[in-house]
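>
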Amino acid sequence: MPHMEAANMRNNVIKVRDAVALLLAEDESTRSKDNVLVQKVYDLMGYSCYIPYDAPSIESITRARRKIQEKGHFLPDDNVVDKRRQAENEMREINTWYPQ
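One gets the numbering used here by counting positions in the sequence shown from 1 and adding 339 to each.
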């Protein structure tokens with residue numbers, strides 16, 4: 340039985356990745372805002388307003404987006420990239436305040 344659950348989880352990840360890739364390719368708004376991407380993935384996969392126990396997690400969806408975008412596909416617009424870089428730099432600055 341555990342083997343079946345693992346196989347089902349792998350199939351779910353593949354479906355999530357496919358849904359994310361499709362939405363990133365077709366809808367630019369999903370490239371810049373994770374909450375938009377999550378809602379559209381749920382809609383595409385047939386989930387309604389409530390989130391059932393077997394729905395893909397938000398983390399799975401956003402992880403799939405990051406992996407796809409790491410390969411240079413369906414990147415967010417430049418404004419979003421600039422904001423993310425600024426936030427990363429701010430976090431690096433904050434991390435220098437604390438000894439390791």
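Yeah, the Cβ is synthetic: ideal placement off N, Cα and C, and Gly gets one too. These numbers were taken from a predicted model, which means no experiment stands behind them.
For Lys-422, does the three-state DSSP call read helix, strand or coil?
Looking at Lys-422 - three-state DSSP - the assignment turns out to be helix.
> Relative to the C-alpha of Val-355, which candidate in Asn-374, Gly-411, Arg-431 and Ser-396 has its C-alpha closest?
Looking at the Cα atoms, Ser-396 is the closest of the given residues.
> Just mark Pro-341 as buried or exposed, buried being the case when its beta carbon has 16 or more other beta carbons within 10 Å.
Any reading at Pro-341 is ruled out, since the residue's pLDDT is 49, under 50, leaving its predicted position unreliable.
> By the three-class DSSP mapping on this structure, what secondary structure does Lys-379 have?
DSSP places Lys-379 in helix when its eight states are reduced to three.
> One question on the structure: do Val-380 and Ala-364 come within less than 8 Å of each other, judged by their Cβ atoms?
No.
> For Ala-394, does the three-state DSSP call read helix, strand or coil?
Correct three-state label for Ala-394: coil.
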